[in-house]
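When you read off a place in the sequence shown, starting at 1, and then add 927, the result is the number in the numbering used here.
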Amino acid sequence: MTDNPNLPGGAVLPADACERGALASFIAMFAWPALIVSSGAILAIGFTRGHPAIYFNLSYAWIVLWLFVLEKHLPYRSDWRRNDGQIGADLGHTLLNKGLVQITIIQLMSLEFFANRGSGVIGALPLWQQIIIGLVATEFGLYWAHRLGHEWPLLWRFHAVHHSVKRLWIVNTGRFHFIDSNLSVLASVPFLLATGISMDAIIWVSAITAYVGVLTHCNVAMRCGWLNYLFNTPNLHRWHHSTSPVEGNTNYGQNLLVWDQLFGTWLYKREAGPGFIGIHDRMPRRLLGQLLMPFRWKRYQAAPADSALDL
Ligand SMILES: [Zn+2]
Ligand SMILES: [Zn+2]
């Protein structure tokens, strides 16, 4: 264990993975790429068997199961494994998002304007090139939706729900106010569809977004090295959750960091991570209160801690 005076309450950071033995060091270096590649391999099998949707679910479950195992045996912060009283709210937001975001995506996909998927010049390119084009184009919308969520006070009221947690682990990955996540979809899916990539490429882009996304919050001692320059890794996303605006208003990319690199918001420090995770604003403890929060933001922020507004 390594004392870190920056951590709240004198908390202690787990020893760096390299100090925990050869196996821990090996896992820390290769877990992220191994989980992405192995999940992609499961999805590829699904395509050859004509059932990409079923195999996508299997590949997603594969990552989630491994992350639960790794969070137990190789945590980034062991004090983040304690119950924070937010598991119910985290899961409630996740389920609400899954349902409503699916409806929004289906509505967008059915628009006539995007009907000629894969029939143009871009759709004739090799699949891997279409996937890269799809990822970069989608990321442009995701980047600006996320950045505005931090820089525009009205949108921050919604995005603050995601940032109000004081630790990161797999269970709060999907903790977004459903209006926040739907705005991200509305800002990004049109860019994805406008590229004219094929339906197979769209499935791959969606799958990669899901794989990278579920890894960002994991409480696992990963060392992603050079991958931090290209992809949104747990190393980078922890800085994004820092209470310090200088550290937190960075790394907006959801999959790729290409737009952060271009617009100067990419942040990577080789130290383990920020000392404090969370926000300075107040946030209700319960799901309903968090959902209503953006609509009575000023009243709630000004109210005493035990007021009736604290649903
Ligand atoms: Zn954010
Ligand atoms: Zn996050």
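Even glycine gets a Cβ: it sits at the ideal position worked out from N, Cα and C.
- L1183 has F1158 as its beta-bridge partners, per DSSP.
- In the DSSP assignment, P1221 falls outside any alpha helix (DSSP H) and carries neither an H nor an E.
- Between the region 1116-1130 and the region 1146-1156 there are fewer than three C-beta pairs closer than 8 Å, too few to call the two in contact.
- The beta carbon of A1114 is closer than 6 Å to those of G1068, A1072 in its chain, skipping five residues each way along the sequence.
- In this structure, the alpha-carbon of D1017 lies about 19 Å from that of G1076.
- Of all C-beta pairs linking the region 1160-1173 to the region 1084-1102, three or more are shorter than 8 Å, placing the two stretches in contact.
- Using a Cβ distance threshold of 8 Å, E998 and W1186 do not count as a contacting pair.
- Taking non-hydrogen atoms of ligand 1 into account, the C-beta of G1068 is found less than 7 Å away from none of them.
- The three-state reading of DSSP puts I1014 in helix, counting H, G and I together.
- Taking the CA atoms as reference points, M1220 sits about 17 Å from N1024.
- Taking 8 Å as the cut-off, the beta carbon of A951 is found no closer than this to the beta carbon of L1027.
- The DSSP-derived three-state label of P1002 is strand.
- In this structure, T1170 has its CB at a distance of at least 7 Å from all heavy atoms of ligand 2.
- Nearest Cα to F957 within the set R976, A980, W993: W993.
- Counting along the chain, L1075 sits inside the alpha helix (DSSP H) bounded by residues 1054-1078.
- For I1204, DSSP records a beta bridge to S1169.
- V1147 carries a strand assignment under DSSP once its states are collapsed to helix, strand and coil.
- Shortest Cα-Cα distance from R1008 to any of I1124, F995, W1055 involves F995.
- Boundaries cannot be given for T1177, as no alpha helix (DSSP H) includes it and DSSP labels it neither H nor E.
- Look at T975: its beta carbon is at least 7 Å from all of the heavy atoms in ligand 2.
- Around S986, the same chain offers S966, I969, L970 as residues with beta carbons nearer than 6 Å, after the five sequence neighbours per side are excluded.
- Remark: the C-beta of H1073 is outside contact range of ligand 2, defined as less than 7 Å to any heavy atom.
- Contact between V1132 and F1158 does not hold, since their C-beta atoms are separated by about 14 Å, which reaches or exceeds 8 Å.
- The beta carbon of I1204 is closer than 8 Å to those of V1092, K1093, R1094, L1095, R1165, H1168, S1169, T1170 in its chain, skipping five residues each way along the sequence.
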